[in-house]
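First the structure, in the form of structure tokens, and then the observations on it.
The structure is reproduced here in structure tokens:
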């Protein structure tokens, strides 16, 4: 399985190395190289890719701001020479982190890991070109695998879903459940009348929103950030009088 | 990538084992990267100097961050570390406090540039001989 990718990197030598490694591996197809976040977002607005190689410190907006603005969830590999970003990387659920300069061996390890993750996540996760998985039948419930059993959840009980790297947390008023899946998978199955993706790491049940203050949604005492790229969509979906 | 010629050994000031792993014996590509480094570094370093002259420490840190990355691609891993330390100091020190470190950094950068110029010439000659 060949992954499509873009490189977002302001240092030409670093981008050239990455492109060379992608070509050598024959596992990744480079669709473009962008020196800044704005140009990358413009491209992603028109074409989706499976994977982003993303530098953090660039002129203008930084890599994390790009992640805030994304309207879908590609795999992300941060490429930076600063180890201090590791914590942010964890918070943003990036798939891997390559410290520049990195060797082909380290690059290949990252790609093989991504391919494994994509394969485990099932066909819906495999490539950006793959058609969306079938939505769930229009039931008012769903089953998730958690706590070594299949648990039935009423959709109306779900407050929101939070991505936890290779897991998704379902939050209900009574309890939270963690299941092995990706938010992208859930997004394809749940998004519709009631559920809306409001951030790279969150899908929220619109019916459960108590209020919105600035860029934060409040749901039964929980605070959910609104990603820049999702704000317009959210405003369209709300019945604002 | 081509196999490394056993006769070519990187300068002792560079992290040779890392460079061998990075280029995997492709001395033609190494020549290209060293050439690009010599073209790019003066452009990025101008930004460092301008930020220092303007006493703009956040920009100084960011500009040096770019140079730090470049040094890594030509095997100056020790200089990368020095840049990182200076970058960290930019966040907490004044321009006056950074002066001595800045002078040291300039000296190290000039020495590094000189070594890479020689290394680039060596690589070019080596590649010409191979062909």
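Protein chains in written order, with my numbering: chain A, 2 to 242; chain B, 670 to 800.
The beta carbon of each residue, even a glycine, is placed where N, CA and C say it ideally should be.
None of the values given here were measured: they were computed from a predicted structure.
Check	Outcome
CB contact below 7 Å: residue 210/A versus chain B	no
Euclidean distance between Cα positions of residue 15/A and residue 179/A	38 Å
Short CB-CB distance (under 7 Å) between residue 26/A and chain B	no
Where residue 708/B sits in the DSSP three-state scheme	helix
Spatial distance of residue 238/A from residue 30/A (CA atoms)	36 Å
Closest Cα partner of residue 768/B within the set 682/B, 712/B, 718/B and 736/B	718/B
Cut-off 7 Å between Cβ atoms - residues of its own chain near residue 728/B, not counting five sequence neighbours on either side	720
Chain B contacts from the region 97-115 of chain A (Cβ-Cβ distance under 8 Å)	101, 102, 104, 105 and 106
Touching by the beta-carbon criterion (3+ pairs, under 8 Å), the region 32-48 of chain A and the region 140-157 of chain A	no
Residue 153/A, buried or exposed, once every other Cβ within 10 Å from all chains shown has been counted against 16	exposed
Within chain B, partners of residue 118/A - CB distance below 9 Å	Within 9 Å Cβ-Cβ: nothing; residue 118/A doesn't reach chain B, min ~26 Å.
Chain A residues whose Cβ lies nearer than 8 Å to that of residue 737/B	82
Proximity winner among 101/A, 191/A, 79/A and 156/A, relative to residue 734/B (alpha-carbon distances)	101/A
Rounded straight-line distance, which links the Cα of residue 52/A to that of residue 166/A	15 Å
Segment contact, 8 Å Cβ cut-off, at least three pairs: the region 701-713 of chain B with the region 50-70 of chain A	no
Residue 142/A burial status per 10 Å Cβ neighbour count (16 or more: buried)	exposed
Selection from 23/A, 6/A, 181/A and 46/A that minimises the alpha carbon distance to residue 118/A	181/A
Beta-carbon spacing of residue 191/A, residue 207/A below 7 Å	no
Contact the region 88-104 of chain A vs the region 56-76 of chain A: 3+ CB pairs below 8 Å	yes
Any C-beta of chain D under 7 Å from that of residue 12/A	Protein chains A and B are contained in the structure displayed, whereas chain D is not.
Pairwise C-alpha distance: residue 108/A and residue 22/A	7 Å
Beta-carbon separation (whole angstroms), residue 766/B vs residue 680/B, contact threshold 8 Å	Between residue 680/B and residue 766/B the Cβ distance is about 33 Å, and since that is not below 8 Å, they are no contact.
Residue 169/A and residue 162/A closer than 7 Å at C-beta	yes
Limits of the unbroken beta strand (DSSP E) element including residue 164/A	161-165
Contact list for the region 58-72 of chain A against chain B, Cβ threshold 7 Å	58
C-beta atoms of residue 195/A and residue 690/B nearer than 7 Å	no
Neighbourhood of residue 714/B by C-beta distance below 7 Å, restricted to the same chain and skipping five residues each side	736 and 778
For residue 789/B, the three-state DSSP class (helix, strand or coil)	helix
Interface flag, residue 705/B vs chain A, CB-CB below 7 Å	yes
Within the region 217-242 of chain A, ranges of the beta strand (DSSP E) (whole runs, at least 3 residues)	217-220 and 223-226
Assumed close pair residue 80/A, residue 24/A - CB separation to whole angstroms, cut-off 8 Å	Going by Cβ atoms, the distance from residue 80/A to residue 24/A rounds to 17 Å, so no, they are not a contact pair.
Outcome for residue 41/A when other beta-carbon atoms lying within 10 angstroms are tallied against a minimum of 16	buried
Identity of the residues DSSP links to residue 99/A by a beta bridge	80/A
Beta-carbon gap between residue 726/B and residue 755/B smaller than 7 Å	no
Neighbourhood of residue 174/A by C-beta, 8 Å cutoff - its chain only, sequence neighbours within 5 removed	158, 160 and 221
Rounded Cβ spacing between residue 242/A and residue 115/A (contact assumed at less than 8 Å)	That belief does not hold up - the Cβ atoms of residue 242/A and residue 115/A are roughly 45 Å apart, past 8 Å.
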